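Chemist:
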Amino acid sequence: MTEYRKYPVSTTGMPPGIPYIISNEAAERFSFYGMKAALAIFLANYLGVLGGSNLTETEATSYVSWFNTAVYLTPLLGAIIADAFFGKYRTIVSLSIVYCLGHLCLALMGVGGVVQFWLLGGLGLISLGAGGIKPCVSAHVGDQFGAKNQCLITKIFNIFYFSINFGAVISNLLIPWVLKWHGPHLAFGVPGVLMALATLFFWMGREKFAHIPAKGSSFLNEVFSKEGLSVIGKLIPLVLFVGMFWCLFDQTASRLVFQAERMDRNVFGLEVLPSQIQAANPFLILVLIPVFTFFIYPQTEKIIKLTPLRKIGSGLFLMAISFVVVSLSQEAIDRGETPHVAWQILAYVILTSGEV
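In our numbering, the protein residues as written are 66 to 421.
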């Protein structure tokens, strides 16, 4: 087995492995958000084309919700595997291959006439892969920095976050269009190709990375120590509130898509597809982060100190307002009206402000 470097490069500049991680993250997020953007509409409108039965909107929402649940549960498994057994690099590569197999299952859906097998198998493998690598990638970024270049971490994480949202914007716009005009095989195949490229990019950086070894079972001693349990206890209320936020937020991939189907989506003379509206969130993140960082937060700090808990509380309040806008739009639809999609975009502006 090849022996890789187990410590960061001593440099004041960017660690040599960072470009490979950023490239991997942009391609992986394109693949995930592209697949997710197409999923709800596919389940409701295209599943029958492949030999299955189209789902109702409620059933499709349930599928998407269970998929999201799995994606956010499996990070715990990925973290344990990385910390106790394989280390971050091997965990990311192994689960990325699982991830690719999940995309392959979705792209092959309908082959042999067994739609449900490919669908559930694909979603299960993707949730394991996407969720499993989630806690490892950002931690792997931190592992690349030594004492001399710690000052660059914030800058690199900003680039890292930009790459996530840039990939999400492009995929949320492109993949729904591919689904409409070229069908589900290609719509799920393109994200699969991007995930394969993401895995390749990461593998290419193997000799550039610092490979911090797994700790074995000793990490459990840290978790269950007096200090570790104290930290966990303090995090529980935070996790509950953040969990509430994301439970509602992930309705953007299902309920808000179906609502957009019943809205006037003509924007500057172009008919926007319902699933493409999801691109508003990552696009607005790229726009609003500098607005909040350089204007809103500094001005607010002059009036009141912004603690993390106050930010979370404000975020939850803004989310509640955004769903009031969504509810009012739905009431108009239920009355037989066709409200403009600008109302949903307004909800996204408020929702994304809460996220930021």
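Here a beta-carbon is modelled for each residue, glycine too, at the ideal position from N, C-alpha and C.
Keep in mind the model is a prediction, meaning the values are calculated, not measured.
1) Taking the alpha carbon of Y85 as the reference point, which residue from F95, V206, G78 and S127 has its own alpha carbon closest?
2) Taking the Cβ atom as the reference point for each residue, do G189 and S161 lie within a distance shorter than 8 angstroms?
3) Between which two residues does the alpha helix (DSSP H) holding Y29 run?
4) I believe A149 touches I240 by the beta-carbon criterion, under 8 angstroms. Please report the beta-carbon distance rounded to the nearest angstrom.
5) Just tell me which of R375, F359 and T76 has its CA closest to the CA of L217.
6) Out of L381, Q409 and S379, which one is the CA nearest neighbour of L393?
7) Could you spell out the range, first to last residue, of the alpha helix (DSSP H) harbouring L173?
8) When you compare the region 250–269 with the region 156–174, are there three or more beta-carbon pairs, one atom per stretch, that lie closer than 8 angstroms?
9) Can the beta-carbon of A344 be found less than 8 angstroms from the beta-carbon of L238?
10) Return the CA-CA distance between P140 and R330, expressed in angstroms with no decimal places.
11) Pick from S290, F323 and T358: whose alpha carbon is nearest that of Q341?
12) Is it buried or exposed for C201, if we count other Cβ within 10 angstroms and need 16 for buried?
13) Would you list, in sequence order, the uninterrupted beta strand (DSSP E) runs of no fewer than 3 residues that lie entirely inside the region 87–147?
14) Since F225 and E90 should fall inside the 8 angstroms C-beta cutoff, what is the C-beta to C-beta distance between them, to a whole number of angstroms?
15) If you draw a straight line from the alpha carbon of A310 to that of V391, how long is it in whole angstroms?
16) Please state whether the Cβ-Cβ distance between R70 and A275 is less than 8 angstroms.
17) Can you grab the Cα-Cα spacing for the pair T121 / A109, in whole Å?
18) If you follow the alpha helix (DSSP H) that K299 is part of, which residue opens it and which one closes it?
19) Going along the chain, which unbroken runs of the alpha helix (DSSP H) with 4 or more residues stay wholly within the region 179–219?
20) Are A105 and S319 close, meaning C-beta to C-beta below 8 angstroms?
21) If you drop the 5 nearest sequence neighbours on each side, which residues of the same chain put their C-beta closer than 7 angstroms to that of K273?
22) Considering just the uninterrupted stretch of the alpha helix (DSSP H) at P404, what are its terminal residues?
23) Work out the CA separation of G281 and V163 for me, nearest whole Å.
24) Look up L166 in the DSSP assignment and say whether it is helix, strand or coil.
25) Quick one: is C165 buried, meaning 16 or more other Cβ sit within 10 Å of its Cβ, or exposed?
26) Spatial neighbours of L169 within its chain, please: CB distance less than 7 angstroms, with the 5 preceding and 5 following residues excluded, ordered by chain position.
27) Quick check on this structure: which residue in I146, V304 and F182 has the alpha carbon closest to the alpha carbon of A279?
28) What number of angstroms, rounded off, separates the C-alpha of L416 from the C-alpha of N223?
29) Pull up the DSSP beta-bridge partners for A243, would you.
30) Give the DSSP-derived three-state secondary structure of L371 in the structure shown.
31) Going by DSSP in three states, E336 sits in which element: helix, strand or coil?
32) Relative to the C-alpha of F333, which residue among Y128, T317 and A407 is closest?
33) Do T365 and L374 come within 8 angstroms of each other at the CB atom, strictly closer than that value?
34) Between the alpha carbons of K153 and I377, how many angstroms are there, rounded?
35) Beta-carbon within less than 8 angstroms of K213's beta-carbon, same chain only, minus the 5 sequence neighbours each way: which residues are those?
36) For N133, which residues in the same chain have their Cβ closer than 6 angstroms to its Cβ, ignoring the five residues on either side in sequence?
Modeler: Quick look at the numbers:
1) V206
2) no
3) A question about residue 29 goes unanswered here, because the residues of the chain that appear run from 66 up to 421.
4) Actually they do not touch by this definition, with Cβ atoms about 36 angstroms apart.
5) T76
6) Q409
7) First-last for L173: undefined, no H or E at that position.
8) yes
9) Yes. Within cutoff.
10) It is roughly 36 angstroms from the alpha-carbon of P140 to the alpha-carbon of R330.
11) F323
12) buried
13) Scanning the region 87–147 for uninterrupted beta strand (DSSP E) segments of 3 residues or longer gives nothing; none is fully contained.
14) 6 angstroms
15) First, the residue type needs correcting, since residue 310 is Phe and not Ala in the sequence shown. Cα-Cα distance, rounded: 15 angstroms.
16) yes
17) Approximately 6 angstroms, taken between the alpha carbons.
18) Taken as a continuous stretch (DSSP letters only), the alpha helix (DSSP H) holding K299 covers K291 to F314.
19) 180–208
20) Cβ distance < 8 angstroms, so A105 and S319 count as in contact.
21) P81, G82 and Y85
22) First-last for P404: undefined, no H or E at that position.
23) Distance between the alpha carbons of V163 and G281: 23 angstroms.
24) helix
25) buried
26) G257
27) I146
28) 21 angstroms
29) Rather than Ala, the amino acid found at residue 243 in this sequence is Val. The partner list for V243 (beta bridge, DSSP) is empty, contrary to what the question assumes.
30) coil
31) Strand, per DSSP.
32) A407
33) no
34) For K153 and I377, the distance between alpha carbons rounds to 30 angstroms.
35) S75, T76 and T77
36) Excluding residues within five positions, the ones whose Cβ falls inside 6 angstroms are D315.
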